Structures are given as C-alpha cells and as structure tokens.
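These notes concern the structure reproduced below.
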C-alpha cells in the first residue's frame, strides 16, 4: 500500500494463502484475505474486495479473530456503499460496529462509526448520520475523516456556523497530516471543492488544489487516491470555468472512473462536459448519474444532479428541453425541501423563478446573446467581479463564469474590457 505495488502485494498474499491452505491454517487464511481485500479496495478491484471479505466472514465461525472480521466487514460495507448497494451494505456496516467494539481498538471503532455515518448521509438521513458522527468525534476528536464528513453534512443542510467550525478544525488538521499520499490529503482535494460549490468561497480552492497536486505527484498513490484527487481538480476546473483543465481532467477520468465516492462520478463528468461546452455529452453523463442515484437511493446527490443537469439544459436553450428542465427542477425542489438542504433549495428555486419565463424565448439581442447573458454583460461593464455578479443575480459563481465565457465567444471579445466596450457600443451597458 505504501509503495503502491499492487502486483507485489498480490504475489505476497497469494503465497501466504498457499501456505495457509497447505497447513490448514484458517486464521492465517482469514488475515491474508482481510488484508488483501484492503489492498483491492484502494486499487479499485472492488468485486475482488467484496469476494474476499465475504470469505473472511464465512471463516469467522471457525476462528476468533475480531480484527480480521472487522476489517473484512468494513471493506465489504464501504465497497457496496460506493457501488450503490446500501441495502446490502447496511448489515455489514452494523456488524462492523458490533465487532469493532469487541476489538477495543480506537481506530477500528472510529472507522466503523464513520462508515455508518457515510451510509446514512448518502441517503439523506442526517439525524442518523449525526448520531454516528457524534460518537466518532467523541472517541476521536481530531479524526479528519469524521471532521470532514460532518463539515460537509452541516454545509448541505445550511448550518453555516457549525459548518465553519468543522471547516476550521479540518483546515487545522491538514497541517498535521503525514506526507502524502493518504486518504486525508485526497479528502481535502475533493471535499473542499464540494463545499465551495455550496458556499461560493473560491478562496478555499487553493488549499484543495495543493492537496490534489501533492497526491498526484506521489508515485506510490493508489488508483483510488489518484482518482479522488483528480475529481477534486475536476471540480476546481468547473468552479473556475477553466476549459483547458476541464478537458485534461475529463480525459483522465473517463478512462475508468468509479460510479460514486462522496460524489457521483457521472455528475462530475457531466459538469466537466458542460464546462467544455459539450451539452450533449453532459446530458449523457447526467442521465447516468440520475439512474445511479435513484437506484441507490442517494437522494442528496440526486438533488444536486437535478440542479446541475437543469442548469446545463437551460444554457443550451433548446425548446425541446423545456419539459425536461421543469421536471428536473421540480424533483430538485422536492428532494431538497424534504431533506432540508436549504442552500441547494435556494439555488434550484432561483433557477426555476428566474429562467422559467425566458426558457425558450428569443430575446432579440445582438450576436445571439440571451437575456441572462445581457444581465451578466451589464454587470461586467460596471466592473463587477464574478462573485459580485453571482451575489446580485443569486446564482452560482461557476454559472457566472460560464456566462462570461459565452459572452466573450459570442461578442468575439478577448477579455472583459473588450466585452465592456462592446456593451457600450451596442447600448447594453
């Protein structure tokens, strides 16, 4: 794991299992399979991780080894969670917690509590998730896994004061991390952009970018760590409207992305496609994200996908999309209302209210500019920053960035200054 040598690890485990089978040593077989499933998980061999974990569980009736049992259960649980099978994961997550208490190992118990928190958070059961979070943080207050998950939870439901406290703890904890590659660094790279998507605080992105670069520059980073870091860089490119970086990250991620870890892989690819200006490709990915989230019952991620997909279709401005847009917005409003996701609800309602009337109407503005683009152009001409425009129009910063990019392309302007001059000449300022 530390050297990133999957083939070497596999060879060592295979030789260990051969010895265990030769001597009928069930305990050794359990330990080798449990540890091998760990390596499989971090190298994205998830089917193998589940198969080995289930074999350990089967052998547990013959040998008392709670550490191996807890390890196997947790990798089966988290793998099934990431594969979108929470119903299968639930009994393993619950059993992991029971077994972890028997080990009296603080890290094992904290990990079991964290996995149970994730299971309920992904389904939008915030109260159940908080119960496990509180127990975990009481046991291990500085555990960055628990702190970052709770931070994201509080931001999702709009508890800004509490979320900021966890953010401060998370950022402080980053300073104490061992050298990468490790999960905590990858979590920084991914989770901070997810927070920025909610809050619009673009200043935080540099922290995430640094963490992602450190993970990816380490030759021993496992495939899962590298992918989490790349998802983080992808979200950063999306939030900044960086088309070049979006293309680079899309090319890297499309080759073998996972369906879900904290965020839907297809949603990220959809947002990257939107940033690249390929709305058809974006729609394909968003449809994949919708199907996955609905099947898994991951309602918070489903609500975000509805929002992002609708926003993409609104920018495409095709009359054929009108019914689909309204369907997505209604579903997003329904879920975010039901789950108390106040920040997202505000954004979805804003999309519905501000874009509904002009969804498919022509505007008569020059160069094919839309009514919303003219609104943004006027504010650009007034010298406003993207963040200031976002606050005034009550839309996401990255949406403003996309509008500005479209304005520059449509008006053949090299920069904001030229766009402002264009606005003046056309009487739009």
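Numbering (this note's numbering), first residue to last: 583 to 1011.
Where a beta carbon is used, it is the ideal one built from N, C-alpha and C, also for glycine.
Please read all numbers here as calculations on a predicted model, not as lab measurements.
Short CB-CB distance (under 7 Å) between residue i and chain D
i, result
"residue 724", "Although the question refers to chain D, the structure presented lacks it and comprises just one protein chain."
Selected residue, minimal CA-CA separation from residue i, among the options
i, options, result
"residue 922", "998, 703, 608, 691", "703"
"residue 721", "800, 676, 609, 686", "686"
"residue 967", "714, 784, 776", "784"
"residue 782", "973, 989, 845", "973"
"residue 853", "894, 874, 595", "894"
"residue 726", "597, 760, 904", "760"
"residue 579", "751, 1010, 838", "In the structure displayed, the chain extends from 583 to 1011; residue 579 sits before or after that span and is not available."
"residue 984", "920, 819, 875, 911", "819"
"residue 1010", "996, 948, 997", "948"
"residue 892", "930, 924, 859, 876", "930"
"residue 829", "913, 668, 855", "855"
"residue 693", "668, 707, 724, 706", "724"
"residue 928", "803, 873, 739", "739"
"residue 876", "706, 672, 601", "706"
"residue 770", "779, 780, 793, 1003", "793"
"residue 668", "998, 827, 874", "874"
"residue 767", "709, 798, 776", "798"
Length of the line joining the Cα atoms of residue i and residue j
i, j, result
"residue 650", "residue 879", "30 Å"
"residue 836", "residue 625", "17 Å"
"residue 957", "residue 591", "58 Å"
"residue 1007", "residue 917", "45 Å"
"residue 683", "residue 754", "29 Å"
"residue 714", "residue 681", "16 Å"
"residue 633", "residue 730", "30 Å"
"residue 774", "residue 691", "26 Å"
"residue 808", "residue 665", "18 Å"
"residue 969", "residue 587", "44 Å"
"residue 980", "residue 596", "49 Å"
"residue 919", "residue 652", "37 Å"
"residue 859", "residue 689", "45 Å"
"residue 965", "residue 976", "18 Å"
"residue 758", "residue 845", "26 Å"
"residue 926", "residue 978", "10 Å"
"residue 552", "residue 962", "Not covered by the structure: residue 552. The range shown for the chain is 583 to 1011."
"residue 789", "residue 810", "15 Å"
"residue 778", "residue 752", "14 Å"
"residue 815", "residue 822", "10 Å"
"residue 742", "residue 955", "31 Å"
"residue 627", "residue 612", "19 Å"
"residue 988", "residue 734", "31 Å"
Sequence-distant residues of its chain with Cβ nearer than 6 Å to residue i (five each side left out)
i, result
"residue 635", "619, 654, 657, 658"
"residue 942", "With a pLDDT of 41 at residue 942, under the threshold of 50, the modelled position of this residue cannot be trusted, and the question is left open."
"residue 598", "614"
"residue 909", "none"
"residue 843", "664"
"residue 803", "763, 797"
"residue 732", "715, 748"
Cut-off 7 Å between Cβ atoms - residues of its own chain near residue i, not counting five sequence neighbours on either side
i, result
"residue 800", "762, 763"
"residue 990", "1001"
"residue 736", "744, 745, 748"
"residue 834", "812"
"residue 609", "645, 647"
"residue 631", "619, 622, 623, 657, 661"
"residue 641", "608, 611, 612"
"residue 585", "802"
Beta-carbon proximity list for residue i, same chain, < 8 Å, skipping 5 on both sides
i, result
"residue 534", "Outside the shown range of the chain (583 to 1011) lies residue 534, about which nothing can therefore be said."
"residue 697", "656, 659, 660, 663, 675, 678"
"residue 824", "818, 857"
"residue 932", "976, 977"
"residue 992", "949, 950, 951, 955"
"residue 710", "702"
Range of the contiguous alpha helix (DSSP H) that encloses residue i
i, result
"residue 689", "688-704"
"residue 776", "765-781"
"residue 543", "Here the chain comprises residues numbered 583 to 1011, so residue 543 is not present and cannot be evaluated."
"residue 733", "726-739"
"residue 832", "825-835"
"residue 748", "742-756"
"residue 947", "Taken as a continuous stretch (DSSP letters only), residue 947 belongs to no alpha helix (DSSP H), as it is neither H nor E."
"residue 592", "588-605"
"residue 991", "979-992"
"residue 997", "First-last for residue 997: undefined, no H or E at that position."
"residue 817", "805-822"
"residue 960", "953-963"
"residue 1013", "The structure shown does not extend to residue 1013, since the chain spans only 583 to 1011, so no value can be given for it."
"residue 720", "708-721"
"residue 968", "968-975"
"residue 610", "608-624"
"residue 798", "787-799"
Residue i Cβ short of 6 Å to the ligand ZN heavy atom set
i, result
"residue 681", "With respect to small molecules bound, the structure shown includes none, and the ligand ZN cannot be examined in it."
Subject >> Segments assigned beta strand (DSSP E), at least 3 residues, entirely inside the region 626-671 >> reply: none
Write down every uninterrupted run of the alpha helix (DSSP H) in the region 844-872 whose length is 4 residues or greater and which is fully enclosed by it, in chain order. 847-858
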